[in-house]
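Here the structure is laid out as structure tokens; the discussion comes afterwards.
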Amino acid sequence: MKLLIIEDEPEMLENMVQTLERQHYVVETASDYKSALHKIGVYDYDCILLDITLPDGNGLELLKALKSSGKDDGVIIVSAKDSLDDRLEGLNLGADDYLPKPFHMAELHARVKAVLRRRHFEGNQQINIGNVAVAPESREVKVDGNPIVLNRKEYDILMYLITNKKRLVTKSALAEHVWGDHIDQADSFDFIYSQIKNLRKKLEHATITIEAVYGVGYKLEVM
Numbered sequence: 001m002k003l004l005i006i007e008d009e010p011e012m013l014e015n016m017v018q019t020l021e022r023q024h025y026v027v028e029t030a031s032d033y034k035s036a037l038h039k040i041g042v043y044d045y046d047c048i049l050l051d052i053t054l055p056d057g058n059g060l061e062l063l064k065a066l067k068s069s070g071k072d073d074g075v076i077i078v079s080a081k082d083s084l085d086d087r088l089e090g091l092n093l094g095a096d097d098y099l100p101k102p103f104h105m106a107e108l109h110a111r112v113k114a115v116l117r118r119r120h121f122e123g124n125q126q127i128n129i130g131n132v133a134v135a136p137e138s139r140e141v142k143v144d145g146n147p148i149v150l151n152r153k154e155y156d157i158l159m160y161l162i163t164n165k166k167r168l169v170t171k172s173a174l175a176e177h178v179w180g181d182h183i184d185q186a187d188s189f190d191f192i193y194s195q196i197k198n199l200r201k202k203l204e205h206a207t208i209t210i211e212a213v214y215g216v217g218y219k220l221e222v223m
């Protein structure tokens, strides 16, 4: 799962990044309005943590831009501005939650998990697809009730394909979502082929299959 933190306080930003990276999220950051606007326009995120007060603009304007573009990224407003008007405006604009500062990092993680569960998994603690069961919070994967061991990237690829099941996922979208925006600097997608090959082997007894669409990307199918 990929997150974007929009926060201009360096210490707060670093604490949030460290907390969420320890939970195996791909985390990107923006510390001002201009760079945040660029990122939400170019990339897709599972959840955006949005500060309202930025040095060069208002975070609520970023939320308006996100929603007017038709994107459905989850949004949690994280701000010291805890007035009722700000909270109501943010929620009315389409934010999923509002977390006032100061807060404990454990609560931040809990709020992120709740938004992801509601948006991607209909609130379920476990995802079942074919004979595969995935527990997102523990990152456990089972086939016919038997655990299989996936490395971090294999798991992230599987989850991205599950959340986009039956849809064609381009190689570039998959790479950017699992490895982050620095993937733009990569010369090829050979590293994806390797991870997909290993993932297919581990899912050989599963009733789901990762189909390759030559030259374009991949699609998850239930057999």
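Per UniProt numbering, the very first residue in the sequence shown carries number 1; after that it's consecutive.
Glycine residues also receive a C-beta, built at the ideal position from the N, C-alpha and C atoms.
Excluding five sequence neighbours on each side, which residues of the same chain lie with their C-beta closer than 6 Å to the C-beta of Ile127?
Against the sequence shown, residue 127 aligns to sequence position 127. The residues are Phe121, Val134.
Secondary structure at Gly94, three-state DSSP: helix, strand or coil?
Here residue 94 refers to the residue found at position 94 when the sequence shown is read from its first residue. Gly94 falls in the coil class under three-state DSSP.
Relative to the C-alpha of His104, which candidate in Leu199, Met16, Gly130, Gln195 has its C-alpha closest?
By 1-based counting over the sequence shown, the position of residue 104 is 104. Cα-wise, what sits closest to His104 is Met16.
Is it right to say Glu14 is buried, meaning 16 or more other beta carbons lie within 10 angstroms of its own, or is it exposed?
If you number the sequence shown from 1, residue 14 lands on position 14. By the neighbour-count rule (16 or more Cβ atoms within 10 Å), Glu14 is not buried but exposed.
Give, in chain order, every unbroken run of the alpha helix (DSSP H) that is at least 4 residues long and sits entirely within the UniProt DNA-binding region "OmpR/PhoB-type" (124-222).
152-163, 171-179, 190-202
Would you mind reading off the limits of the alpha helix (DSSP H) that contains Gly59?
Taking the first residue of the sequence shown as position 1, residue 59 is located at position 59. Residues 59-68.
Is it buried or exposed for His205, if we count other Cβ within 10 angstroms and need 16 for buried?
Within the sequence shown, residue 205 is the residue found at index 205, counting from 1. Exposed is the call here.
Which of the three DSSP states, helix, strand or coil, is assigned to Pro10?
As a first step, residue 10 is located in the sequence shown; it is residue number 10 there, counting from the start. Helix.
Give me the Cα-Cα distance between Tyr45 and Asp156, rounded to the nearest whole angstrom.
Locating residue 45 in the sequence shown gives position 45, where the first residue counts as 1. Locating residue 156 in the sequence shown gives position 156, where the first residue counts as 1. Computed Cα separation, rounded: 13 Å.
What are the boundary residues of the beta strand (DSSP E) that Glu28 is part of?
Here residue 28 is taken as the residue at index 28 of the sequence shown, counted from 1. Looking at the DSSP string, the run of the beta strand (DSSP E) that includes Glu28 is 26-30.
So Ile40 is in the alpha helix (DSSP H); what residue range does that whole segment cover?
Here residue 40 refers to the residue found at position 40 of the sequence shown. Where Ile40 is concerned, the enclosing alpha helix (DSSP H) stretches over 33-42.
Where Lys2 sits in the DSSP three-state scheme:
As a position in the sequence shown, residue 2 is number 2, starting the count at 1. Lys2 falls in the strand class under three-state DSSP.
Taking a contact to mean a Cβ-Cβ separation below 7 Å, would you say Val115 touches Asp86 in this structure?
By one-based count along the sequence shown, residue 115 stands at place 115. By one-based count along the sequence shown, residue 86 stands at place 86. No, the Cβ-Cβ distance between Val115 and Asp86 is not below 7 Å.
Residue from Leu108, Lys64, Arg117, Lys101 with nearest C-alpha to Leu91:
Reading the sequence shown from its first residue, position 91 is the one you call residue 91. Among Leu108, Lys64, Arg117, Lys101, the Cα nearest to that of Leu91 belongs to Lys64.
Nearest to Leu150 by CA position, among Thr170, Glu137, Leu203, is which residue?
Position 150 of the sequence shown, counting from 1, holds the residue named residue 150. Among Thr170, Glu137, Leu203, the Cα nearest to that of Leu150 belongs to Leu203.
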